[in-house]
Amino acid sequence: MPGTPGTPAQPAGARWQPTPGLAWQWQLGGGVDQSVDVPVYDVDGFETDAAVVAALHAKGRKVICYINAGSWEDFRPDAAAFTKALQGSGNGWKGEKWFDIRKLDQLKPLMAARFDMCRSKGFDAVEPDTIEAYNQNSGFPLTAEDQLRYNRMLASLAHERGMAIGLKNDLDQIPALLPDFDFAVNEECAQFDECARLSPFIQAGKAVFHVEYKLGTEKFCARTKSLGLSSMQKKLELDAWRKPC
Numbered sequence: 031m032p033g034t035p036g037t038p039a040q041p042a043g044a045r046w047q048p049t050p051g052l053a054w055q056w057q058l059g060g061g062v063d064q065s066v067d068v069p070v071y072d073v074d075g076f077e078t079d080a081a082v083v084a085a086l087h088a089k090g091r092k093v094i095c096y097i098n099a100g101s102w103e104d105f106r107p108d109a110a111a112f113t114k115a116l117q118g119s120g121n122g123w124k125g126e127k128w129f130d131i132r133k134l135d136q137l138k139p140l141m142a143a144r145f146d147m148c149r150s151k152g153f154d155a156v157e158p159d160t161i162e163a164y165n166q167n168s169g170f171p172l173t174a175e176d177q178l179r180y181n182r183m184l185a186s187l188a189h190e191r192g193m194a195i196g197l198k199n200d201l202d203q204i205p206a207l208l209p210d211f212d213f214a215v216n217e218e219c220a221q222f223d224e225c226a227r228l229s230p231f232i233q234a235g236k237a238v239f240h241v242e243y244k245l246g247t248e249k250f251c252a253r254t255k256s257l258g259l260s261s262m263q264k265k266l267e268l269d270a271w272r273k274p275c
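Sequence positions in the sequence shown follow the working numbering and run 31 to 275.
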């Protein structure tokens with residue numbers, strides 16, 4: 031279902047608003063294990079078909095569509111749609127390069143098509159990954175303002191399609207972007223002693239979905255639960271295994 035240009039954004043009440051403390055599962059590798067008894071699943075938007083989303087909905091789950099919105103991935107079916115000029119330095123993951131997020135005119139329709147895919151499969155929300163290129167070695171002279179503009183564009187695309195959207199990491203821009211995003215997804219805030227910086231989301235009644243990879247649950251759960259985060263330990267490959275707080 032391609033989006034209609036100029037579709038008015040739905041009122042906030044029409045889309046899902048995850049609240050603090052919701053348990054979640056984040057699985058990007060392998061077939062989705064649908065037996066995990068949690069209210070929220072975050073799964074790969076390309077790899078997960080509509081039947082899986084529908085099956086999770088039938089169990090009362092909400093489902094988040096993981097999309098890499100800040101980097102080119104050579105293995106995605108739409109990879110050829112992204113010109114060489116959009117691709118910068120490698121981001122540390124095999125086959126991935128940072129986008130030149132200043133080129134909104136080129137990236138917006140490409141991201142809109144991906145968000146249309148999420149909506150057509152029935153997803154409730156989007157998790158756009160790698161959306162803090164401005165403080166990385168992206169290969170482009172990106173500024174914080176470039177990043178704010180790009181991230182707000184992504185938020186508008188999601189909201190126009192009736193989907194919620196999460197702010198992935200990007201801690202420095204939380205104060206500016208809090209009004210635009212419906213929840214946060216964070217990796218390793220305990221490892222780097224940064225979890226309190228996510229408190230604005232909790233105070234606004236918006237969930238913070240959090241994982242640690244290297245720390246055992248005994249090292250972070252007491253702290254992150256006191257802050258209101260939805261925390262668990264995961265393996266870096268993000269398969270089905272999880273150890274929740």
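For each residue, glycine too, the CB sits at the ideal point set by N, CA and C.
CA-to-CA, the gap between P69 and P205 works out to about 27 Å.
By alpha-carbon distance to P139, the top candidate from Y71, A188, G196 and N216 is A188. Selection L207, I195 and D200 evaluated against E224 yields D200 as nearest (Cα-Cα).
Three or more beta-carbon pairs separated by less than 8 Å are not found between the segment 124-134 and the segment 59-73, which leaves the two stretches without contact. Its Cα nearest to that of F222, the residue V241 stands out among L208, V241 and F211.
Of the residues assessed, N181 falls on the buried side of the cut-off, its CB having 16 or more other CB atoms within 10 angstroms. When DSSP reads this structure, V68 sits in no beta bridge, so it has no partner.
Annotation for G246: Q263 place their beta carbon closer than 7 Å to its own, counting only its chain and skipping 5 residues before and after. Closest option to R144, judged by alpha-carbon separation, among P107, R227, P274 and A44: P107. Annotation note: the segment 75-102 contains the following uninterrupted beta strand (DSSP E) runs of length 3 or greater, listed N- to C-terminal: 92-98.
Assignment of Q263 by DSSP, reduced to helix, strand and coil, places it in the strand class. Looking at the backbone, the Cα of A270 and that of L208 are separated by about 30 Å. Here DSSP, grouped into helix, strand and coil, assigns Q177 to helix. Its Cα nearest to that of F231, the residue L259 stands out among E248, L259, K244 and C219. Three or more Cβ pairs drawn from the segment 91-106 and the segment 153-161 lie within less than 8 Å of each other, which places the two stretches in contact.
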